[in-house]
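First up is the structure itself, then whatever we jot down about it.
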Amino acid sequence: MTISASRRSFLSFSGLCTATLAGSAELGFLSKLPALSAAQVQLPSRLVDLNSGIEPLVRIIESSPRDTLLELVASRIHQGTSYQEVLAALFLAGVRNVQPRPAVGFKFHSVLVVHSAHLASMASSNNDRWLPIFWALDYFKATQLEEEKQSGWKMNAVAEDALPLASKARENFIQSMDEWDPEAADLSIARLARSASQQDLFDLFCRFGARDLRSIGHKAIFVANGFRTLNCIGWQHAEPVLRSLAFALQNHEGDPNPASSELETDQPYRENVDNILSIREDWLDGKLDPSATDFLLGRLSEASPSEVARLSVEFLNKGISPRSIWDAVYLGSGELLMRQPGIVGLHTLTTANALHYAYQTTTDESTRKLLLLQACSFVPMFYKSARLRGDVGTKSVRDVSESAKEVDTANNVESVKQIFELVSRDKPAAAQKLLSYLRAGGDAQQVMTRARELVFLKGRDSHDYKFSSAILEDYHHLSASCKNEFLALSVFYLKGSEDTNSNLVERTRRAIA
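Residues in the sequence shown are numbered consecutively from 141, following our numbering.
Below, the structure written as structure tokens:
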């Protein structure tokens with residue numbers, strides 16, 4: 141393979157959080173950098189040119205020591221380097237220096253998190269928008285060092301003389317992905333990146349990204365975040381990104397080739413390819429049905445992936461809206477996080493976010509149906525994974541809803557302050573208080589603004605950014621009857637106001653002084 145295979149609608153959301161609460165004073169040091177307006181982070185698709193504009197900045201990020209990079213980037217910003225250029229250089233440096241093997245996660249989070257950091261920047265006040273990007277720069281340097289120690293991997297140039305004809309590239313790519321052949325897929329996608337439309341490429345990738353749950357959902361996450369980042373930085377950079385993505389989706393570490401094996405993790409995809417054939421033609425015209433959501437929610441933790449998918453098909457064919465099914469997927473994912481806060485639950489939610497983005501964005505109706513059924517099948521698979529890690533308990537969304545009725549919470553800023561104090565000390569109590577606050581007419585925007593602020597100040601891990609960006613985006617995708625419960629469940633992985641500040645805040649303060 142020419143990649144060195146060494147083993148070693150967000151605009152609506154961005155307007156929600158432009159105001160800040162009392163905690164914004166803690167981020168005031170960022171005002172020493174040029175303020176970023178909302179317009180400046182709406183990225184033109186062809187702003188940066190890799191050959192003449194972005195390569196020098198990419199090399200600075202790649203070659204600078206971790207302990208001086210932030211100062212160097214801050215200096216470049218003061219000299220006129222734009223937010224868009226920093227974002228593009230960061231993403232391309234990650235793609236070129238960090239391989240998505242042996243799993244599409246771990247060190248590869250330095251690539252996966254870039255778009256989440258961008259979403260956080262978009263939704264911030266003008267003076268706060270640099271902090272997520274500075275955090276992601278520092279995180280890249282840590283993972284680049286890890287990659288150098290493990291394998292020294294770099295993405296090699298594609299073998300130009302071996303590229304297929306443009307007329308054959310799509311057929312070859314599909315065949316190589318079906319056969320799990322990374323060498324052939326690399327050549328085919330390099331040619332497709334130069335000849336196919338953006339939409340056709342996305343329609344291809346989102347299907348392959350959803351075909352299995354290896355790497356705990358990161359394949360689907362990379363598809364969504366990779367394409368979304370390309371839409372920001374410009375499609376002139378697509379080829380290395382898509383080569384990295386194709387390589388990632390071929391990962392089956394520890395398993396025999398899935399093309400010639402009957403493995404449990406591949407069964408839902410095979411079944412759902414057949415299941416979508418029985419869905420009625422007018423499936424998108426169904427009506428919201430909270431009772432269907434409740435019923436499906438009650439089955440997600442106990443039923444098999446096959447049963448949940450079949451039940452979803454039955455609901456669709458009875459004229460129930462796919463949105464009611466997505467409501468169950470989101471609430472079921474949040475319920476798992478509440479039952480077992482940690483790595484499995486948070487990835488259930490970030491995977492749902494990626495699959496829903498693909499569902500909204502693909503233009504292929506059969507792929508849309510498949511993405512919905514795969515989302516339904518994945519939740520029981522996440523529950524199985526969680527059980528292998530320990531007890532998942534039995535507490536439900538309904539339990540939180542009932543207990544919140546006993547909490548008397550005023551509709552004011554002080555209540556938001558108290559909620560995030562509780563997040564640090566007593567997450568179940570914080571969830572109850574937040575739900576009570578929202579039911580009393582509290583402002584969800586204030587809650588989300590403060591949640592993001594605390595990620596800026598307290599976040600130490602890529603999951604803090606990925607999770608918060610996914611949750612605060614997905615809140616707007618749920619039905620009105622489910623929004624409040626969903627946001628309340630998010631506190632089980634959000635940061636609290638009494639958590640310790642990240643050391644990077646102080647380091648960034650010094651870098652831009």
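From the three backbone atoms N, C-alpha and C, an ideal C-beta is built for every residue, glycine too.
The beta-bridge partner set that DSSP reports for K427 consists of I460.
Straight through space, the alpha carbons of F522 and G472 are spaced by roughly 10 Å.
Around the C-beta of A498, 16 or more other C-beta atoms lie within 10 Å, and the residue is accordingly described as buried. Distances from the CA of A399 to each of D318, V448, A386 and D414 were compared; the closest alpha carbon is that of D318. For S541, the CB contacts under 8 Å within the same chain, skipping 5 residues up- and downstream, are L575 and E625 in chain order. Leaving aside the five residues that flank S335 on each side, the residues in its chain whose CB is nearer than 7 Å to its CB run, in chain order, A306 and A309. Here the alpha carbon of P445 sits roughly 36 Å from the alpha carbon of E286. Note on L389: 16 or more other CB atoms within 10 angstroms of its CB, so buried under the neighbour-count rule.
The alpha-carbon separation between E393 and L528 amounts to approximately 19 Å.
About 6 Å separates the CB atoms of Y615 and K623; that is less than 8 Å, so the two are in contact. I611 and A515 have their C-alpha atoms spaced approximately 16 Å apart. Exclusion of the five residues before and after N412 leaves A449, L510, L513, Q514 and S517 as the residues of its chain whose Cβ lies within less than 7 Å of its Cβ. Note on geometry: alpha-carbon atoms of K289 and V238 lie some 12 Å from one another.
Here the region 542-556 makes no contact with the region 476-493; the two share fewer than three CB pairs at distances below 8 Å.
Cβ-Cβ separation between G438 and P462: approximately 19 Å, too far for a contact (criterion under 8 Å). Beyond the five residues adjoining it in sequence on each side, A330 comes within less than 7 Å, by CB distance, of V298, L303, E379 and R383 in the same chain, given in chain order. Around the CB of R410, fewer than 16 other CB atoms lie within 10 Å, so the residue is classed as exposed. DSSP places F560 in the uninterrupted alpha helix (DSSP H) bounded by V553 to R565. According to the DSSP assignment, S609 belongs to the alpha helix (DSSP H) that extends over S602 to D614. When rounded, the separation of the alpha-carbon atoms in K535 and N391 is 35 Å.
Looking at the DSSP output, M588 sits in no beta bridge, so it has no partner there. The alpha-carbon of S642 is positioned some 50 Å away from that of L417. Three or more Cβ pairs closer than 8 Å define a contact, and the region 241-254 meets that threshold against the region 342-358. The Cβ neighbour count for A526, taken over all protein chains shown within 10 Å, is at least 16; the residue is labelled buried. Leaving aside the five residues that flank D321 on each side, none in its chain has a CB nearer than 6 Å to its CB. Note that the C-beta distance between S608 and A584 is not below 9 Å. A residue is called buried when at least 16 other Cβ atoms come within 10 angstroms of its Cβ; G474 meets this threshold and is buried. At a Cβ-Cβ threshold of 9 Å, D343 and T503 count as neighbours.
Taking the CA atoms as reference points, A324 sits about 7 Å from F313. A straight-line Cα-Cα distance of about 11 Å links Q586 and S555. Under the three-state reduction of DSSP output, Y633 falls in the coil class, being neither helix nor strand.
Buried is the label assigned to A229, since at least 16 other Cβ atoms lie within 10 Å of its Cβ. Each residue's CA atom was taken as its position, placing L456 and F387 some 35 Å apart. As for any alpha helix (DSSP H) of minimum length 4 sitting wholly inside the region 251-319, the runs are 254-262, 271-290 and 306-318, ordered along the chain.
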